[in-house]
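Numbering (the working numbering), first residue to last: 44 to 166.
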C-alpha cells in the first residue's frame, strides 16, 4: 500500500526555509551599536552560513545611494535573513542567540519570521 505522507525518518530531517525581517531599533545610537557589534555578528553568521543554516542575508538600508558608501556611512535600518531550520521555533532560537538580538540592535517587537516557499531554490 502506497502513502503520500513522508516517513518518520524523512520528516525528522526535513527542513524549511524561513525569511526574517529584522528591523533595527530607531533610537539614537542604534546604528553605532550595529557597527560595533557587527564583527561578532559576522563571525557567528559565517559559521551558520558554512552549516547552511543561514542561506542568504544582509543588512538593509534606507536608500540606494547607501550601497556605495563605506560600511560606517551606510544607513542600515535592519537585516533580512533566510534561515533553513526544522521549524519556525528553531529559526527563532537561532535569532535569539544572534549578537544583534542580544545587544539590542534588532527591534524585538517589530521583527517578523515567516515560512517561505521559494520559487527559486538555493544552490
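Just so it is clear, CB atoms sit at the ideal spot from N, CA and C, and this is done for glycine as well.
- A direct Cα-Cα distance of roughly 12 Å separates residue 131 from residue 125.
- Selection 128, 140, 141, 142 evaluated against residue 157 yields 128 as nearest (Cα-Cα).
- Scanning 137, 69, 151 for the CA closest to the CA of residue 84 turns up 137.
- Note that the segment 135–149 does not touch the segment 102–117; fewer than 3 beta-carbon pairs, one per stretch, sit closer than 8 Å.
- Taking C-beta separations shorter than 6 Å and ignoring five residues to either side along the sequence, the partners of residue 121 in its chain run 65, 66, 67, 103, following chain order.
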